[in-house]
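In the working numbering, the protein residues as written are 9 to 187. Backbone N, C-alpha and C define an ideal beta-carbon position, used for all residues, glycine too. Step one of this worksheet: look at the structure below.
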């Protein structure tokens, strides 16, 4: 077509009735794009849960290896091992909340929602996400503080389950608020 617009448009009209695998693939990709954030949201939630459980498992492992550490942690009022890993996982949890908020904004823009709806939904998503991370962490740590590696693991599992349940309830409530 040698960059000739007239020839390009004529070729396009001739092929409009013909099967074009490239256009079919493009259409499928564009249709799949709005669903991408849902899959990304699920994978970030799973990654956040795995990282949180890893902190509890790591703490329990150190308690099993060196039982004296339990006494030191109780003296300091610590339930989880302090350190860069624990701080990193905590930062990552709030980073996942930020990513979830960005995905919420993206999804609502894709659905042609109003600016007020997008802002309200984003604020709700950020606030409930941060609250759920904080609450599930506090419950897990409270149970883990009973003592010993077993309670640390139980606290981690309970905290993660509570986070899942609170996220589910939050999404149900969000569905009712933002109809």
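- According to the DSSP assignment, residue 113 belongs to the alpha helix (DSSP H) that extends over 92-118.
- Contact between the region 128-140 and the region 150-165 is absent: fewer than 3 CB-CB pairs across the two stretches fall below 8 angstroms.
- In the structure shown, residue 154 falls within a coil segment according to DSSP collapsed to helix, strand and coil.
- A contact between stretches requires three or more CB pairs, one per stretch, nearer than 8 angstroms, and the region 59-76 meets this requirement with the region 151-161.
- Residue nearest to residue 95 within the set 59, 174, 140, 186 is 59 (criterion: CA-CA distance).
- In the three-state DSSP reduction, residue 84 falls in the helix class (H, G or I).
- Fewer than three Cβ pairs drawn from the region 101-121 and the region 66-81 lie within less than 8 angstroms of each other, which leaves the two stretches out of contact.
- Taking a contact as a CB-CB distance under 8 angstroms, the pair residue 140 and residue 174 counts as one, their CB atoms being some 5 angstroms apart.
- DSSP places residue 89 in the coil class of the three-state scheme, outside both helix and strand.
- Looking from the CA of residue 148, the closest CA among 56, 88, 124, 138 belongs to 88.
- For the 7 angstroms CB-CB criterion, residue 101 and residue 56 form a contact.
- Rounded to whole angstroms, residue 78 and residue 86 show a C-alpha spacing of 9 angstroms.
- Between the alpha carbons of residue 80 and residue 142 lies a distance of about 25 angstroms.
- Annotation: residue 99 to residue 184 spans about 30 angstroms, alpha carbon to alpha carbon.
- In the structure shown, residue 186 falls within a coil segment according to DSSP collapsed to helix, strand and coil.
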